[in-house]
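Read the structure below first, then the notes.
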Amino acid sequence: MEYPSSFLVNNIVTVVMHRFRSLRCLHQFKNLPAKNRSTLDRHVPITKTRRIPVADNVITPQIPSDSETREFNIRIGRLGRHGRVEEARNLFNEMPRRDAVSYATMITTYLKNNNLEKAESLFYAMSGSNIVAESAMISGYIHAGRLRDARKVFDEMRERNVYSWTSMVSGYFRSSNADEARRLFDQMPVKNDVSWTTVIVGYARNGLIDQAREVFDAMPEKNVIAWTAIIKSYIECDHLNEAEKLFKKMPQKNLYTWNIMIAGLMQDARRVDEATHLFNSVPQKNEVSWTTMVTGLARNGMTERARDYFDQMPNKDIAAYNAMITRYIDQGLVMEAKELFNSMPERNLVTWNAMLDGLGRSGPTGEALELLNTMLYLGFVPNETTLTSALTSCRGLPEVMQVHAMVIPRGFDQDVSLTNALIAKYSHSGDLQSARVAFEDLKARDVVSWTSMILAYSNHGCGLHALQAFARMLRAGENPDRITFVGILSACSHAGLVRKGRMLFDSMKIAYGLEPTAEHYSCLVDILGRAGKVDEAIKVVSQMPWSQRDEAVLGALLGGCRLHGDGDDRVVNYIGESLIEMEPSMAGSYVLLGNVYAASGKWDELARVRKKMKERNVKKVPGFSQIEVKCENSVFYAGDQAHPDMEEIYRMLRERLVPVMCHRG
Numbered sequence: 001m002e003y004p005s006s007f008l009v010n011n012i013v014t015v016v017m018h019r020f021r022s023l024r025c026l027h028q029f030k031n032l033p034a035k036n037r038s039t040l041d042r043h044v045p046i047t048k049t050r051r052i053p054v055a056d057n058v059i060t061p062q063i064p065s066d067s068e069t070r071e072f073n074i075r076i077g078r079l080g081r082h083g084r085v086e087e088a089r090n091l092f093n094e095m096p097r098r099d100a101v102s103y104a105t106m107i108t109t110y111l112k113n114n115n116l117e118k119a120e121s122l123f124y125a126m127s128g129s130n131i132v133a134e135s136a137m138i139s140g141y142i143h144a145g146r147l148r149d150a151r152k153v154f155d156e157m158r159e160r161n162v163y164s165w166t167s168m169v170s171g172y173f174r175s176s177n178a179d180e181a182r183r184l185f186d187q188m189p190v191k192n193d194v195s196w197t198t199v200i201v202g203y204a205r206n207g208l209i210d211q212a213r214e215v216f217d218a219m220p221e222k223n224v225i226a227w228t229a230i231i232k233s234y235i236e237c238d239h240l241n242e243a244e245k246l247f248k249k250m251p252q253k254n255l256y257t258w259n260i261m262i263a264g265l266m267q268d269a270r271r272v273d274e275a276t277h278l279f280n281s282v283p284q285k286n287e288v289s290w291t292t293m294v295t296g297l298a299r300n301g302m303t304e305r306a307r308d309y310f311d312q313m314p315n316k317d318i319a320a321y322n323a324m325i326t327r328y329i330d331q332g333l334v335m336e337a338k339e340l341f342n343s344m345p346e347r348n349l350v351t352w353n354a355m356l357d358g359l360g361r362s363g364p365t366g367e368a369l370e371l372l373n374t375m376l377y378l379g380f381v382p383n384e385t386t387l388t389s390a391l392t393s394c395r396g397l398p399e400v401m402q403v404h405a406m407v408i409p410r411g412f413d414q415d416v417s418l419t420n421a422l423i424a425k426y427s428h429s430g431d432l433q434s435a436r437v438a439f440e441d442l443k444a445r446d447v448v449s450w451t452s453m454i455l456a457y458s459n460h461g462c463g464l465h466a467l468q469a470f471a472r473m474l475r476a477g478e479n480p481d482r483i484t485f486v487g488i489l490s491a492c493s494h495a496g497l498v499r500k501g502r503m504l505f506d507s508m509k510i511a512y513g514l515e516p517t518a519e520h521y522s523c524l525v526d527i528l529g530r531a532g533k534v535d536e537a538i539k540v541v542s543q544m545p546w547s548q549r550d551e552a553v554l555g556a557l558l559g560g561c562r563l564h565g566d567g568d569d570r571v572v573n574y575i576g577e578s579l580i581e582m583e584p585s586m587a588g589s590y591v592l593l594g595n596v597y598a599a600s601g602k603w604d605e606l607a608r609v610r611k612k613m614k615e616r617n618v619k620k621v622p623g624f625s626q627i628e629v630k631c632e633n634s635v636f637y638a639g640d641q642a643h644p645d646m647e648e649i650y651r652m653l654r655e656r657l658v659p660v661m662c663h664r665g
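Residue numbers (the UniProt record's numbering): 1 to 665.
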């Protein structure tokens, strides 16, 4: 188990302060003049050299801490534990005299409240040596990833305790320097259980499970914490059998060990029954035990069994509710998820995000945004996941803009995943300009960002813009993936760029080591077919892997034949019949083949295709369009006279669409 820095800091302060008090003497630190005490809150310039230590030959007077100072220290610590940092600092500034504990307590308060900068400032304003503050700063630096600064403090300590040694060992493991961590561990004059456990967990987290086991075996006395640490390490390294062997050998188990073993077995769907048997053997189950079972069964797709254990829980916690709601949503059972959601006595952000995700994917239009508004009204603060789920539910441009309006003031506009979703949603909603603005405002782009923008340009018929974005992507050092090539090849097809499209298709394998899929072949066939190069398209299809010849590829080839009336009759017949057999219930394949026959005047063949449609009871789905009326998406069909907003729809078409069509000829 990995001990967080806060754990180490708390133990350092508790144990070392106890040591100081038991000796009833403390190092006397030089106090700043009273007139300068108020300036301590300012950032003291920190040099890269250690503050000047007290010379070894100078004896610092050791005097007992008076009761007034002790009372101040206790009050500062209490304020710090409750997160009232500024009040703690004000009290620190008011102290008539400060001792080692005063500085250590204030520095620890800053660190526990994630204010390393002020802790560092106060630490370097301090004179003399303070083992508690030094140990706390080492842990704080390590937690912030500043291992070099931690090592500098460690090296300059006049006296080191087991906690400072252990913090440094943990820091080197966290930075994947297992050799230096082990070297320090071997140098430790005194080791405790936390030290041994830190090394076991450190090795395991670095994938060195054999070394972790070696250290465990070398422990002079193995307590329940060490046993639990090595068992958990084996589980995290997917060595379930070894974990189970150790679990059975363990002389004394605590509830935490039982729970992690159950959770470990639940990671393997084949061992769910073993996990269930183990759960039934637990002497005294707690909420974590029950939640582990519910979560494990739900993640393994055993919804009914998970619900059965959930219903048996004496005290249901939020994690169990969340596991069941997530499972229902994954199955598309939104009503069951809503029922459970509404019955919850309390919810957390994970609950809201799970429910928003479910409604976004499968719920009625607008319900996810209603839930989001309710969440905001109740005082919950959304995160990036919340708004991404809300975006999924958006059916029209106003809804996308509403979510976008929540993104910017919360500072999420630089979140890559969320912005990528915004680009895609704006594009799907027909607002290419807003998609472009969101993309250009994003400072750190990944391959999905570039691909989303390329697809947006391609889907809107802006082939040249897509190619320009692709060129910028390469200059930025980002390698395209398979989806990027689908977008850029589609752009070449829309722009009629045959030579460029062929070159990009060939570069997939040659330059980027990507094997073309059916989607890429269908794009290439479409490029050639639209350009009238049907013979070349047929050649591509004949030479491509048989496994990749799906309905999209054959449909693109047949579309090229229809567009230009080219192709051998036998080839057309073969393609058309193959396409129909691939999708016997899809009307589009019959219609496409029928159109090819009609374009070439083959009326008997057209009649045969229509007869086959009738025999198989395949009906053509009428084409439909969507338009935004009164802030809602309205779907209507060609010649539709029954839509309740029919007059408004046709008015908007006349006012907006007809002028554009006339302008474009």
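By construction, the Cβ of each residue, glycine as well, lies at the ideal position given by its N, Cα and C atoms.
Bear in mind that the values here come from a model prediction, so they are computed numbers and not experimental data.
Contact annotation: N353 and T385 have beta-carbon atoms nearer than 8 Å.
Taking the C-beta atoms as reference points, E519 is found nearer than 8 Å to A552. For E87, same chain residues with a beta-carbon under 8 Å away, outside a window of 5 residues either side, are L79 in chain order.
In the three-state DSSP reduction, G358 falls in the helix class (H, G or I).
Contact check between the stretch 402-422 and the stretch 437-448: three or more CB pairs, one atom from each, fall below 8 Å, which counts as touching. Taking 8 Å as the upper bound for CB-CB distance, T484 and T451 are in contact here, some 4 Å apart.
Straight-line measurement puts the Cα of R89 at about 43 Å from the Cα of D357. Apart from sequence neighbours up to five positions away, the residues of its chain that approach R361 with a beta-carbon distance below 7 Å are T392, ordered along the chain. Residues Y141 of the same chain have their beta carbon placed closer than 6 Å to that of D149, with the five preceding and five following residues left out of the count. The Cβ atoms of T291 and A337 do not sit closer than 8 Å to each other. V541 places its beta carbon less than 8 Å from that of L557. I488 sits away from A511, with the two beta carbons spaced by 8 Å or more.
Scanning S233, K222, M266 for the CA closest to the CA of P251 turns up K222. Restricting attention to alpha helix (DSSP H) runs no shorter than 4 residues, the UniProt repeat "PPR" (254-285) encloses them at 255-266, 272-281, ordered along the chain. Taking the Cα positions, L455 is about 10 Å away from I423. Shown here, D431 sits in coil according to DSSP, grouped into three states, outside any helix or strand. Less than 8 Å separates the beta-carbon of A144 from that of L116. If the five residues before and after E399 are omitted, its C-beta is found closer than 7 Å to the C-beta atoms of L369, all from its own chain and listed in chain order. No residue range can be given for H460, since it is assigned to no alpha helix (DSSP H) and is classified by DSSP as neither H nor E. The residues V101, S102, T105, in chain order, have a CB closer than 7 Å to that of N73 in the same chain once the five nearest residues on each side in sequence are set aside. For N459, the closest alpha carbon among the candidates E71, R410, R472, A495 is that of A495.
Contact between V294 and M324 holds: CB atoms are separated by about 7 Å, below the 8 Å threshold. In the structure shown, the three-state DSSP call for N73 is helix. DSSP places H239 in the coil class of the three-state scheme, outside both helix and strand. When the Cα atoms are used, Y163 and F380 turn out to be separated by approximately 39 Å. By the neighbour-count definition (other C-beta atoms within 10 Å, threshold 16), I408 is an exposed residue. Taking each of Q211, D317, E304 in turn and checking the Cα distance to N286, the smallest one comes out for D317. Cα atoms of D506 and Q331: separation of roughly 40 Å, rounded to the nearest angstrom. Inside the stretch 275-341, DSSP marks whole alpha helix (DSSP H) runs of 4 or more residues at positions 287-299, 303-312, 318-330, from first to last along the chain.
Take Y110, set aside five residues on each side of it, and the residues of its chain with a beta-carbon closer than 6 Å to its own are K118, A119, in chain order. No Cβ-Cβ contact shorter than 8 Å links T198 with I231. I200 sits away from A178, with the two beta carbons spaced by 8 Å or more.
If you check the CB distance, I262 and C237 do not come in under 8 Å.
Around the C-beta of T276, 16 or more other C-beta atoms lie within 10 Å, and the residue is accordingly described as buried. When the beta-carbon positions are compared, A269 and N300 come within less than 8 Å of each other.
A straight-line Cα-Cα distance of about 36 Å links W227 and E346.
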